[in-house]
Amino acid sequence: MSVPREPEGGAPVLALLQFPTDYPIRVIGRASDTLRARIDAIFSAHVPDLDPSATTERLSGNGNFLSRCYTIRAVSAAQVTALATDLKACPEVLFVI
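With my numbering applied, the sequence shown covers 772 to 868.
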């Protein structure tokens, strides 16, 4: 996830959302034994009521990359921003969408 951009109207993108809201976040990294646990720990720190059934996972065709999509119940733009910042700081994470 990138820093909120301002559309033509000038309002930040996250400001257009009404909280609380279901918010999907996809995390992609190189497949490893520790990637899933690290990502789960970051999500747990920011989303204490994370529903494991709202998480999907997909391995790339060659098995080199792992994509996990979490749908969280976001309560504020600050929560989403902090979560994305911590995910991007994880050395095993390549992309946050």
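For each residue, glycine too, the CB sits at the ideal point set by N, CA and C.
Please read all numbers here as calculations on a predicted model, not as lab measurements.
Extent of the continuous alpha helix (DSSP H) to which Phe814 belongs = For Phe814, the enclosing alpha helix (DSSP H) covers residues Leu806 to His817.
request  = May I ask which residues mark the beginning and end of the alpha helix (DSSP H) holding Ala845?
outcome  = Taken as a continuous stretch (DSSP letters only), Ala845 belongs to no alpha helix (DSSP H), being part of the beta strand (DSSP E) at Phe836 to Ala845.
key: Simplified DSSP assignment, three categories, for Ser820   = A quick correction: the sequence has Asp, not Ser, at residue 820. In this structure, Asp820 counts as coil in the three-state DSSP scheme.
ask   = Less than 8 Å separating the beta-carbons of Pro791 and Val846?
value = The answer is yes: Cβ separation under 8 Å.
inquiry  = At the level of alpha carbons, what is the spacing between Asn797 and Thr827?
reply    = The question names Asn, but residue 797 in the sequence shown is Arg. One C-alpha to the other measures close to 9 Å.
query = To which residues does DSSP link Leu830 through a beta bridge?
reply = DSSP output for Leu830 lists Leu837 as bridge partner(s).
Secondary structure of Leu854, DSSP reduced to three states = In the three-state reduction of the DSSP assignment, Leu854 falls in the helix class, which pools H, G and I.
query = Measuring CA to CA, which of Gly800, Gln850 and Asp820 is closest to Leu788?
reply = When Gly800, Gln850 and Asp820 are compared, the shortest CA-CA separation from Leu788 is found for Gln850.
request  = Count the other CB atoms, across all protein chains shown, that sit within 10 Å of the CB of Phe899; report buried if there are 16 or more and exposed otherwise.
outcome  = Nothing about residue 899 can be reported from this structure: the residues present for the chain run from 772 to 868 only.
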